[in-house]
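J.:
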Amino acid sequence: MRPLAKKIALLLVFALLAAGLYGCSSHTFVQTEPSLILGAKELSEYIGKDGVVIVDTRSADEYAAGHVQGAVNIPTDEIVINVPVKNMLTSQKKIEKVMGANGISNSTTVIAYDANKMGASRLLWTLFMYGHRDVKVVDGGFDAINAKGLASSTEIPAPPEAVFTAGEPASNWLATQEEVLAQVNTPDDNRILLDVRSMEEYYEAGKVPTSVIMDYNTNFFTGDKTFKTVDITRINYLQEGIYPEQEIILYCQTSLRAAPVFVQLYEAGYRNIRIYDGAYLEWSSNSGNPIEMPAGAAAPAAKDAS
């Protein structure tokens, strides 16, 4: 069976499963409109369009080697800080400076792409945090874009500077170490700690007690690394006992992998989603925080978070 035929067959199977699952389910998913995820084929409609800025979140060297025509370069390093631990949300002033310098105002539609399944989603979550919701990520990233012949430019654009005003960080999208600890100490059935690292990382370094492990790769098709459909995503999470009525706190090692999971859950109709930005690096670096190890495994040595 050809890859496309396999994919269609898989979707049909999951569609049938979804019909049965939803028929007896009382769970309510919010309809995401418009979608946060843009197909690479549709990207061509936005190139050169007024009011749109396409953002390449790869490194400067990768960007220089070839990018979408007119795309500006905002590597992930420009929207994070490494204090107190790596890859934390940067300040309002820094976001205002970076966005404005790249021609992004509060009325701009931002279309972001990456090559690692994380950078574009991290930019989306960052903009959400500061009140800008008109942003999309390109499904399949640079590989999908390149396959459509849309990434052949080496010309560096010089967009006119814009004014971007960042709002106060939105607490509804962000969780703190103290809130995670409170959940560990006094578990609430309506709250889920979702660890999106791999099982290998859990076996090596443990996890936050009570958390559910679900590798972030679960959200992507293996072949082309595009996001799975909404129906498949809902089935996957419902089967793990993760429901849209619950509050979901996501974490990984440094919070980057949590970003595409945030995007996918939002797309699937989950809304009470927060990222623990300090992530497992911050958690495991604090000797006062409990760590759950697999049965028989020794606890890892405390790490310096500086």
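In my numbering, the protein residues as written are 1 to 306.
Think of the CB as a built atom: it goes at the ideal place given N, C-alpha and C, for glycine as much as any other residue.
How long is the line joining the alpha carbons of I79 and M293, rounded to whole angstroms?
T.: Taking the first residue of the sequence shown as position 1, residue 79 is located at position 79. Taking the first residue of the sequence shown as position 1, residue 293 is located at position 293. Near 33 Å, if we compare the C-alpha coordinates of M293 and I79.
J.: Measure from the alpha carbon of I232 to the alpha carbon of each residue in E204, G223, L265 and G206, then state which is nearest.
T.: The residue given as residue 232 occupies position 232 in the sequence shown. The shortest Cα separation from I232 among E204, G223, L265 and G206 belongs to L265.
J.: For the beta strand (DSSP E) that K207 lies in, which residues bound it at each end?
T.: Residue numbering aside, residue 207 sits at position 207 when the sequence shown is read from its first letter. Where K207 is concerned, there is no enclosing beta strand (DSSP E), given that its DSSP letter is neither H nor E.
J.: Between K94 and E45, what straight-line distance do the alpha-carbon atoms span, to the nearest angstrom?
T.: What you label residue 94 is simply residue 94 of the sequence shown in a count that begins at 1. What you label residue 45 is simply residue 45 of the sequence shown in a count that begins at 1. Cα-Cα distance, rounded: 30 Å.
J.: Going straight from the alpha carbon of T90 to that of I235, what length do you get?
T.: As a working mapping, residue 90 is identified with position 90 in the sequence shown. As a working mapping, residue 235 is identified with position 235 in the sequence shown. If I take the Cα positions, the gap works out to 34 Å.
J.: Within a Cβ cutoff of 6 Å, which residues of the same chain sit near A144, ignoring the five residues on either side of it in sequence?
T.: Within the sequence shown, the letter at position 144 stands for residue 144. Correct list, in chain order: A40.
J.: Helix, strand or coil for K93, going by three-state DSSP, please let me know.
T.: Residue numbering aside, residue 93 sits at position 93 when the sequence shown is read from its first letter. Three-state result, K93: helix.
J.: Have a look at E267, D189, T229 and N146 and flag the residue whose alpha-carbon is nearest the alpha-carbon of E247.
T.: Against the sequence shown, residue 247 aligns to sequence position 247. Comparing Cα positions, the closest option is D189.
J.: Between V98, Y202 and G278, which has its C-alpha nearest L250's C-alpha?
T.: Here residue 250 refers to the residue found at position 250 when the sequence shown is read from its first residue. For the residues V98, Y202 and G278, the minimum Cα distance to L250 belongs to G278.
J.: Give me the Cα-Cα distance between F221 and D139, rounded to the nearest whole angstrom.
T.: The sequence position of residue 221 within the sequence shown is 221, counting from 1. The sequence position of residue 139 within the sequence shown is 139, counting from 1. F221 and D139: Cα-Cα distance of roughly 11 Å.
J.: Taking the alpha carbon of Y237 as the reference point, which residue from G70, V83 and T218 has its own alpha carbon closest?
T.: The sequence position of residue 237 within the sequence shown is 237, counting from 1. Y237 has its Cα closest to that of T218, out of G70, V83 and T218.
J.: Can you have a look at D61 and say buried or exposed, based on whether 16 or more other CB atoms are within 10 angstroms of its CB?
T.: Against the sequence shown, residue 61 aligns to sequence position 61. It is exposed - the Cβ of D61 has fewer than 16 other Cβ atoms within 10 Å.
J.: Starting from the C-beta of V52, find all residues in its chain whose C-beta is less than 6 Å away, skip the five residues before and the five after it, and write them out in chain order.
T.: To locate residue 52, count along the sequence shown from 1; it is residue 52. Closer than 6 Å at Cβ, skipping near neighbours: Y46 and T109.
J.: For M118, does the three-state DSSP call read helix, strand or coil?
T.: The residue given as residue 118 occupies position 118 in the sequence shown. Coil, per DSSP.
J.: Would a C-beta distance cut-off of 8 Å place V72 and P160 closer than the cut-off?
T.: In the sequence shown, counting from the first residue as 1, residue 72 sits at position 72. In the sequence shown, counting from the first residue as 1, residue 160 sits at position 160. Not in contact: V72 and P160 (Cβ atoms no closer than 8 Å).
J.: For K225 and G288, which I take to be in contact (beta-carbon distance under 8 Å), what is that distance rounded to the nearest angstrom?
T.: Working through the sequence shown from its first residue, we reach residue 225 at position 225. Working through the sequence shown from its first residue, we reach residue 288 at position 288. Actually they are not in contact, since the Cβ atoms of K225 and G288 sit about 38 Å apart, beyond 8 Å.
J.: Exposed or buried, which one is E50 when buried takes at least 16 other CB atoms within 10 Å?
T.: For the purposes of this step, residue 50 is taken as residue 50 along the sequence shown, with counting starting at 1. Inspection of the sequence shows that residue 50 is occupied by Asp rather than by Glu. Label assigned to D50: exposed.
J.: Does DSSP put D224 in a helix, a strand or coil?
T.: Residue 224 sits at position 224 when you count from the first residue of the sequence shown. Residue state, collapsed to three classes: coil.
J.: Measure the beta-carbon distance from M314 to F29 and round it to whole angstroms, keeping in mind my assumption that it falls under 8 Å.
T.: The chain is shown only over 1 to 306; residue 314 falls outside these bounds and no answer can be derived.
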